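Okay, so here's the structure we're looking at.
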Amino acid sequence: MNKSDLIRMLAEKEDLTLKNAESAVNTIFKSIEQALAQGDRVEIRGFGYFQVKNYEEYDGWDRKTGGCCVIPGIDF
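Following this line, the structure appears as structure tokens:
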């Protein structure tokens, strides 16, 4: 299922126009995005949770050169 499928399903089940269903889905996604940007964890009971995970930098292996390299940390 993708976003378009979700919008279509919401419109059908709740008797909404596609435009109103799309607005509702976008509002929910934007709210989750803003909470994650602030470092919050978003939990929807019975569904799951979203949170940003921080990966610290570490020493890795460069397959091209055969030597060591530093893999930079990321927030994922």
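The sequence shown begins at 0 in numbering that gives the first Met the number 0 and counts up one residue at a time. Glycine included, every Cβ here is placed at the ideal spot set by N, Cα and C. A quick note: this is a predicted structure, and the numbers were derived from the prediction, not measured.
Legend entry - Cβ-based burial, ALA36 [other Cβ within 10 Å; buried from 16]: Position 37 of the sequence shown, counting from 1, holds the residue named residue 36. Exposed.
Legend entry - Residue from SER22, GLY47, PHE75 with nearest C-alpha to TYR54: Mapped onto the sequence shown, residue 54 falls at position 55. Looking at the Cα atoms, PHE75 is the closest of the given residues.
Inset, instruction - Report all residues from its chain with a CB closer than 8 Å to the CB of ASN19; omit the five preceding and five following residues, and keep chain order. - result: Looking up residue 19 in the sequence shown gives position 20. Cβ neighbours of ASN19 within its own chain (closer than 8 Å, five residues either side excluded): ALA10.
Inset, instruction - Along the alpha helix (DSSP H) that carries PHE28, what are the first and last residues, could you check? - result: Within the sequence shown, numbered from 1, the residue matching residue 28 stands at position 29. 17-36 is the span of the alpha helix (DSSP H), which, as asked, contains PHE28.
Inset, instruction - Just grab the DSSP bridge partners of GLY72 for me. - result: Your numbering for residue 72 matches position 73 in the sequence shown. Beta-bridge annotation (DSSP): GLY72 is not paired with any residue.
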